[in-house]
Structures are given as structure tokens and as C-alpha cells.
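Enquirer: The numbering used here applies: residue 23 is where the sequence shown begins, and numbers increase by one. C-beta atoms are modelled at their ideal positions from N, C-alpha and C, and glycine is treated no differently. Note that this is a predicted model, so its numbers are computed, not measured.
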Amino acid sequence: MIDRDSEEIERVVRDCLARAGMDHMVYETDWLPDDRSLFWLGDDLDEFLRLASVAKAELLYLVRLWTVDHQEHPSEHAGQVYEIDVAFLLNDLFHVYRTSTPWSVEYWNGYDDRNRRGEERKGRQAYC
23 MIDRDSEEIE
33 RVVRDCLARA
43 GMDHMVYETD
53 WLPDDRSLFW
63 LGDDLDEFLR
73 LASVAKAELL
83 YLVRLWTVDH
93 QEHPSEHAGQ
103 VYEIDVAFLL
113 NDLFHVYRTS
123 TPWSVEYWNG
133 YDDRNRRGEE
143 RKGRQAYC
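#1: Would you kindly check if the distance between the Cβ of Asp56 and the Cβ of Val85 is under 8 Å?
#2: Starting from the C-beta of Ile31, find all residues in its chain whose C-beta is less than 6 Å away, skip the five residues before and the five after it, and write them out in chain order.
#3: For the alpha helix (DSSP H) holding Glu32, just list the boundary residues, first then last.
#4: Would you call the CB atoms of Val48 and Leu39 closer than 8 Å?
#5: Would the beta-carbon of Tyr129 fall within 8 Å of that of His99?
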């Protein structure tokens, strides 16, 4: 996984897809099932797309994950893309390349801490 800022990760993914000639075969979706996802351990999207080509992927899935809006969690990163997944389906598994911003972990830790502080929510039990 490579950490980059929000606009840069979107540009890099767009450029890699265009360079590979795969920008026309992208389907944007909201999520991929975790129990059917196999994550690429490399950090090179071009190499991942080469693998998708070798595997004769006919469709690439693109998932953009966003931070919450400023009203829900005030932050300089409110409403920004913090992670992008590019995936292809092979043998009933989504093979996934993931990239994220350098601030995403810190952002979500702050978001979780904000919710843990509320006594009526009983900490992380609110997520169970």
C-alpha cells in the first residue's frame, strides 16, 4: 500500500489506468466483499494492472472511500477521498490493489476517539 494525498492518489490511479489502456473498463462501486477479497502485497499499480491484463480481466472495479462531512467530524480532510481500491474478479475472488493517503489512519483514529468519548454511546460498543 502506498500513502499519498487525496488528489494525488486519484490522479495516479487515473493515469495508470489510462497508460494501461484500461480506463474504459472501470466500474465504480461502493464496496467489495471482504470475505472474497485478496489484497495485492505490491505497491505498484502498473504491475497490478499488468497482472489484470495477463488474467484477461474484462472489468475493473473502483472503490473510492471518503471521509465524513465537516459537520459530523470537523477536520481539514472532511469530505475527501482517503482510500482507493482497484480490483478485478478472478476465480470468484476480487484481487485488490489499495492505496491510501498518509493521513487516513490518524484521521480515523481521531474519529473513533471522538465517538469513544461519548458516555451514552458506551465507547466502541456503538459499532457492534
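Expert: So, to answer that:
#1: For this step, residue 85 is matched to residue 63 along the sequence shown. For this step, residue 56 is matched to residue 34 along the sequence shown. No; because the gap between Cβ atoms is not below 8 Å, this pair is not in contact.
#2: For the purposes of this step, residue 31 is identified with residue 9 of the sequence shown, where counting begins at 1. Ile106 and Thr121.
#3: Translated into the one-based positions of the sequence shown, residue 32 becomes position 10. Ser28 to Arg41 is the extent of the alpha helix (DSSP H) around Glu32.
#4: Position 26 of the sequence shown holds residue 48. Position 17 of the sequence shown holds residue 39. Yes, they are a contact pair.
#5: As a first step, residue 129 is located in the sequence shown; it is residue number 107 there, counting from the start. As a first step, residue 99 is located in the sequence shown; it is residue number 77 there, counting from the start. It is a contact, given that the beta carbons lie within the stated cut-off.
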